[in-house]
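In the working numbering, the protein residues as written are 94 to 198.
C-beta: ideal position from N, C-alpha, C; glycine also.
If you're wondering where the values come from, they're calculated on a predicted model, not measured in any experiment.
Below is one structure; the comments refer to it alone.
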């Protein structure tokens, strides 16, 4: 894709319309997540609270690299996301459950 010189501007907006409203939303979400963690802890009969979701890691890599393809389309470029750019990364792939389960059917 050719670079037209035009770039779409994006701006952050507060959830709920203001910093105070967003803070209240996050406080409510935090309380809900704590309830989920406690429910999962009881269901697993665990002594400690684990992750809210994705409890069991299927793969973890601490020395990965994020690399953007050399012909990254203009529409996907912004800030750090530039053709050929590379960054150190940590990758964790996991299952979707909040409770650790055995492998298998």
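Secondary structure of residue i, DSSP reduced to three states
i, result
"residue 105", "coil"
"residue 179", "strand"
"residue 159", "strand"
Which residues DSSP lists as bridging residue i, in chain order
i, result
"residue 187", "150"
"residue 136", "Beta-bridge pairing links residue 136 to no other residue."
Nearest-angstrom Cα separation, counted from residue j out to residue i
i, j, result
"residue 56", "residue 116", "Since the displayed the chain opens at 94 and closes at 198, residue 56 lies outside it and no answer follows."
"residue 141", "residue 123", "18 Å"
"residue 155", "residue 185", "9 Å"
"residue 169", "residue 126", "33 Å"
"residue 187", "residue 113", "34 Å"
"residue 107", "residue 120", "14 Å"
"residue 163", "residue 131", "46 Å"
"residue 136", "residue 105", "38 Å"
Beta-carbon gap between residue i and residue j smaller than 8 Å
i, j, result
"residue 177", "residue 161", "yes"
"residue 157", "residue 182", "yes"
"residue 159", "residue 175", "no"
"residue 84", "residue 118", "With the chain running from 94 to 198 in the structure shown, residue 84 is simply not present."
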